[in-house]
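J.: Once you've had a glance at the structure underneath, I'll fire off some questions.
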Amino acid sequence: MKILKFGGTSVGSPERMKKLLDIIRPAEEKQIVVLSAVAGTTNTLVEISQAFIAGDKRKAEALIKGLRAKYDEFVDELFLSAEGKENGRELISYHFDFIQSFANELFTPIEEKIILAQGELLSTTLYHFYLTEIGVRSKLLPALDFMKIDEDNEPVIPYISDHLEVILGGLTDHNLFITQGYICRNAFGEIDNLRRGGSDYTASLIGAAIHAKEVQVWTDIDGMHNNDPRIVKGTYPIAHLTFDEAAELAYFGAKILHPQSVFPAQKYNIPVRLLNTMEPKAPGTLISKDGAIKGEVRSIAAKDGITAIRIHSSRMLLAFGFLRKVFEVFERYKTPIDMITTSEVAVSLTVDDTRFLSDIERELKDFGSVEIDVNQTIVCVVGDFSINTHGYASRVLDAVKHIPIRMISYGGSDFNISLLIDAENKVEVLRSLHNRLF
Ligand code: ADP
Ligand code: ASP
Ligand code: MG
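Per my numbering, the sequence shown starts with residue 972, numbered consecutively.
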């Protein structure tokens, strides 16, 4: 079984949706197709929810009307027969009347997540209806029946595995399955999601849960590039990355992959391919266990919205157990730490989740003085930085010698150097590193 995930632009128009069959080729082998919402939909659903939260029913209604008009057009172009168009219109009415009905409800994060789920529910059902219309047999697998996260928002792979096994076990005469990316149920059984860009994560979790042969992530670019193509000119795709390298790049901002999506595939050793829907013959990027290249810098990524915290304490001097106490504060507030550097009298670390920052700051003040810098960016350079390869670290630092650096993290692994800089210097740092390293 293969898992094929198609992102928002890959299902972004009726024409594109129709072209997916060139890639899926249903007769060839069993496949689970994971679809994102049609491009732009989730953003608009977020805006609709914000309008409901703000109590601005008029704005919500206007946004709903605008989005619905787009879907009416979509349905008109996608289906050929009068019956197909009618079924499509009924589906649109059902979902949009449902979204509109929240105008009369108490609106909490629970309702927001239900609204955000409508995009993937729409795209998958539309595609399933389309396949049915043209006589291609497919089965819709409701992700809400098997995709599960726990109290810490972590996916529960054994649950996903057990449920998928039962579901698929009852459908052995089917070859082509369609399911929703991004959406799931949480520990309380409520509708939830795997955070923005989460359809990649869905694909990787399904791949891990059923021990698939391969996970293919089809998007609008020909693989993982060696720098952010939205910012730097002249980037190129990387043929092969290890799981570790890809995980590092995804976690530190390469938008092509959801930050956590490499881990399930890595744990169960399922190869992941990043491929371009617009150029299906291009080789893309293969992510697998092997493939590290000695003595090379592979790629650069950047993660915005970082907050740096420095705790300065004379008590750190020669004290054991100090770092444990600091980490326990972050653990109590379920706040992950990204980067860390220490000196004899101070420790600096970074977080991107600032929901509990003031509580964390208050508790850290028990240990010493605390300084906080917002609007920071982590730039992550991935490549061979192993102990036997010299010269690369100095080339990285040389490329940014004209920029103030807040933190440097080196030696944590063999394949990464991370720099913390002010967000306003990001573009210059990415370009300068690109010019000097490739
Ligand atoms: P999808 O909707 O298919 O999930 P995304 O927009 O989430 O697609 O991801 C693809 C986009 O990621 C590309 O269009 C590109 O602009 C951006 N991107 C950022 N960094 C990289 C990188 N290092 N390599 C490739 N694409 C990247
Ligand atoms: N539709 C969701 C989003 O826009 C999930 C995804 O596209 O992967 O974030
Ligand atoms: Mg994406």
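Ideal Cβ placement from N, Cα and C applies to all residues, glycine included.
Mind checking whether the beta-carbon of G1011 lies closer than 7 Å to any heavy atom of ligand 3?
T.: Position 40 of the sequence shown, counting from 1, holds the residue named residue 1011. No, the Cβ of G1011 stays beyond 7 Å of every heavy atom of ligand 3.
J.: Straight-line CA distance for G983 to L1111?
T.: Position 12 of the sequence shown, counting from 1, holds the residue named residue 983. Position 140 of the sequence shown, counting from 1, holds the residue named residue 1111. Whole-angstrom Cα-Cα distance: 19 Å.
J.: Give me the Cβ distance between K1410 and A1179, rounded to the nearest whole Å; I'm assuming they're in contact under 8 Å.
T.: Lying outside 972 to 1409, the shown extent of the chain, residue 1410 is not represented and no answer is given.
J.: Is P1230 near ligand 1, with its Cβ less than 7 Å from a heavy atom?
T.: Translated into positions along the sequence shown, residue 1230 becomes position 259. Incorrect: P1230 has no Cβ contact closer than 7 Å to ligand 1.
J.: Could you check the C-alpha separation between E1175 and D1393 for me, to the nearest Å?
T.: Locating residue 1175 in the sequence shown gives position 204, counting from the first residue. Locating residue 1393 in the sequence shown gives position 422, counting from the first residue. Looking at the sequence itself, residue 1175 is Ser, so the reference to Glu does not match. Those two C-alpha atoms are separated by around 33 Å.
J.: Beta-carbon within less than 6 Å of I1343's beta-carbon, same chain only, minus the 5 sequence neighbours each way: which residues are those?
T.: Stepping through the sequence shown from its first residue, residue 1343 is reached at position 372. So the qualifying residues of the chain are I1280.
J.: Look up F977 in the DSSP assignment and give the residues it is bridged to.
T.: Taking the first residue of the sequence shown as position 1, residue 977 is located at position 6. Answer is L1006 and W1189.
J.: Measure the alpha-carbon distance for F1073 versus F1023 and round it to whole angstroms.
T.: Start at 1 with the first residue of the sequence shown, and residue 1073 comes out as number 102. Start at 1 with the first residue of the sequence shown, and residue 1023 comes out as number 52. Those two C-alpha atoms are separated by around 8 Å.
J.: Cβ atoms of S1380 and T928: under 8 Å apart, would you say?
T.: Coverage of the chain is limited to positions 972 through 1409, which leaves residue 928 absent and any answer about it impossible.
J.: Do T1325 and I1308 have their C-beta atoms closer together than 8 Å?
T.: Here residue 1325 refers to the residue found at position 354 when the sequence shown is read from its first residue. Here residue 1308 refers to the residue found at position 337 when the sequence shown is read from its first residue. For T1325 and I1308, no; Cβs fall outside 8 Å.
J.: Identify every residue that forms a DSSP beta bridge with E1342.
T.: To locate residue 1342, count along the sequence shown from 1; it is residue 371. Answer is R1281, bridged to E1342.
J.: S1389 lies in the alpha helix (DSSP H); which residues open and close that run?
T.: Working through the sequence shown from its first residue, we reach residue 1389 at position 418. Note, S1389: premise wrong, no alpha helix (DSSP H); beta strand (DSSP E) at N1387 to D1393.
J.: Measuring CB atoms only, is the segment 1297–1304 touching the segment 1326–1336, in the sense that at least three cross pairs come out at less than 8 Å?
T.: The segment 1297–1304, when compared against the segment 1326–1336, does touch it at the 8 Å Cβ threshold.
J.: Alpha carbon to alpha carbon, what distance is there between A1183 and I1154?
T.: By 1-based counting over the sequence shown, the position of residue 1154 is 183. By 1-based counting over the sequence shown, the position of residue 1183 is 212. Near 20 Å, if we compare the C-alpha coordinates of A1183 and I1154.
J.: Is K1184 close to chain C? Criterion is C-beta to C-beta, closer than 8 Å.
T.: Judged by its chain identifiers, the structure shown contains no chain C, having just a single protein chain.
J.: According to the neighbour-count rule (16 or more other Cβ atoms, all chains shown, within 10 Å of its Cβ), is N1075 buried or exposed?
T.: By one-based count along the sequence shown, residue 1075 stands at place 104. That one is exposed.
J.: Please tell me whether, using a cut-off of 7 Å, the distance from the CB of Y1042 to the nearest non-hydrogen atom of ligand 5 is below it.
T.: Absence of ligand 5 from the depicted structure is noted, with ligand 1, ligand 2 and ligand 3 being the only ligands included.
J.: T1163 bridges to which residues according to DSSP?
T.: As a working note, residue 1163 is residue 192 in the sequence shown. A small correction: the amino acid at residue 1163 is Asp; Thr does not occupy that position in the sequence shown. In DSSP, D1163 forms a bridge with C1155.
J.: For the alpha helix (DSSP H) holding M1378, just list the boundary residues, first then last.
T.: Here residue 1378 is taken as the residue at index 407 of the sequence shown, counted from 1. Here M1378 belongs to no alpha helix (DSSP H); instead the beta strand (DSSP E) covers M1378 to Y1381.
J.: Can at least three beta-carbon pairs, one atom from the segment 1256–1275 and one from the segment 1193–1200, be found at a separation below 8 Å?
T.: Cβ pair count under 8 Å is three or more, so yes.
J.: Pop quiz: T1213 and G1262 are said to be a contact at Cβ under 8 Å. What is the actual Cβ separation, rounded to whole angstroms?
T.: Along the sequence shown, one-based indexing puts residue 1213 at 242. Along the sequence shown, one-based indexing puts residue 1262 at 291. That belief holds up - the Cβ atoms of T1213 and G1262 are roughly 5 Å apart, short of 8 Å.
J.: Quick one: is the Cβ of Y1153 within less than 7 Å of any heavy atom of ligand 2?
T.: Within the sequence shown, numbered from 1, the residue matching residue 1153 stands at position 182. Yes, the Cβ of Y1153 comes within 7 Å of a heavy atom of ligand 2.
J.: DSSP has G1354 in a bridge; who is on the other side?
T.: By 1-based counting over the sequence shown, the position of residue 1354 is 383. DSSP, once it has assigned bridges, lists V1268 as partnering G1354.
J.: Here's a check: name, in chain order, each residue in its chain whose Cβ is nearer than 7 Å to the Cβ of S1232, leaving out the five neighbours to either side.
T.: The residue given as residue 1232 occupies position 261 in the sequence shown. Around S1232: D1171, Y1172, S1175 and A1221.
J.: Quick one: using the 10 Å Cβ neighbour count with 16 as the cut-off for buried, is R1377 buried or exposed?
T.: Counting from one through the sequence shown, the residue named residue 1377 turns up at place 406. Buried: at least 16 other Cβ atoms inside 10 Å.
J.: Quick one: grab the DSSP three-state call for F1148.
T.: Residue 1148 sits at position 177 when you count from the first residue of the sequence shown. Strand at F1148.
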